[in-house]
Every structure is written in C-alpha cells, then in structure tokens.
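Okay, structure first, notes after.
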Amino acid sequence: MKQMISTEPSLQQRIQLLLEATYDGPVQARNPRQKVSDEELVTLFGTIEGKWVRVDDLNEAFQNLVSVNVSNPKRPPVNYGILRRLKVLTGQKWRQKTATDPKGTKLAKFYVPR
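Structural data, given as structure tokens:
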C-alpha cells in the first residue's frame, strides 16, 4: 500500500502564516454609514465610562464621528444604535443617564450596569 504524504501545513507553519497575516495599520468600517471604526468606538466610550460629561463637550469631541443630540432635552444625547453597537463589540449592555448641574448645563453619563 502506498503511504499518503500529508501536504497540510504543520501547527508551527499555521502560526507563522497567522502572524504574517496580522495588520496593525488604521482601519475603516465596512459600512459606509459608520464614520468611526469599532476599535475607536470602544476606546472613546471606554475613556468616559462611568463619568459625567458635559453634552456640549461630548458633541465637540465626537464631531463628525457620532451624532450627539444637544438641542432636544427629551431625547437622549447619543442614539441607542451606538450603544447597541457597543454591546455587540464589548459583550456588555451600555446605558446612558442625563442630568443637569446647578448652572443648568446638560450632562450625560455612559456606563455598564454591574
């Protein structure tokens, strides 16, 4: 009987191929409606998680990336679609709270319930 020679790569060769295939440069979202990449979104919201932030400053920081509601007080500052996207990326359900400071400035807080 003829013995078949395996042409499949070994484990070390597979690991080497995967290491060569990694990409460390900047990435863009595949969906053209998404202006911010998944990694940037997680990083941005991770820096303000659990902290009260002025909505005006949030609007300035997220300019052209995430739309922030500044005008309508009855609507949340950030669309829940963004928070749903964060849930898919992080595996945690994100929430937002709104409040005002003593001067009447609108504040927002983004957090993961414990």
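Residues in the sequence shown are numbered from 189 upward in steps of one, following this note's numbering. Where is the CB? At the ideal position from N, CA and C, for every residue including glycine.
When you compare the stretch 266 to 279 with the stretch 222 to 229, are there three or more beta-carbon pairs, one atom per stretch, that lie closer than 8 Å? They touch, by the three-pair rule.
* Since ASN202 is in the alpha helix (DSSP H), which residue starts that stretch and which ends it? -> Checking the displayed sequence, the identity of residue 202 turns out to be Arg instead of Asn. Run containing ARG202: 199 to 209, per the alpha helix (DSSP H) assignment.
Report yes or no: do the stretch 212 to 226 and the stretch 281 to 296 share at least 3 C-beta pairs separated by less than 8 Å?
Segments in contact, no.
* Asked: Taking only runs of the beta strand (DSSP E) that begin and end inside the stretch 204 to 272, which ones reach a length of at least 3 residues, in chain order?
  -> For the beta strand (DSSP E) assignment, the uninterrupted runs of no fewer than 3 residues enclosed by the stretch 204 to 272 are, from N- to C-terminal side, 240 to 242.
Checklist entry - Measuring CB to CB, does VAL254 end up less than 8 Å from VAL241? => result Cβ distance not < 8 Å, so VAL254 and VAL241 don't count as in contact.
inquiry  = Check for me: the beta strand (DSSP E) holding ARG283 runs from which residue to which?
reply    = Bounds of the beta strand (DSSP E) holding ARG283 are 283 to 288.
| task | Please report the residue range of the beta strand (DSSP E) in which LYS297 lies. | result | DSSP places LYS297 inside the beta strand (DSSP E), whose first and last residues are 294 to 299.
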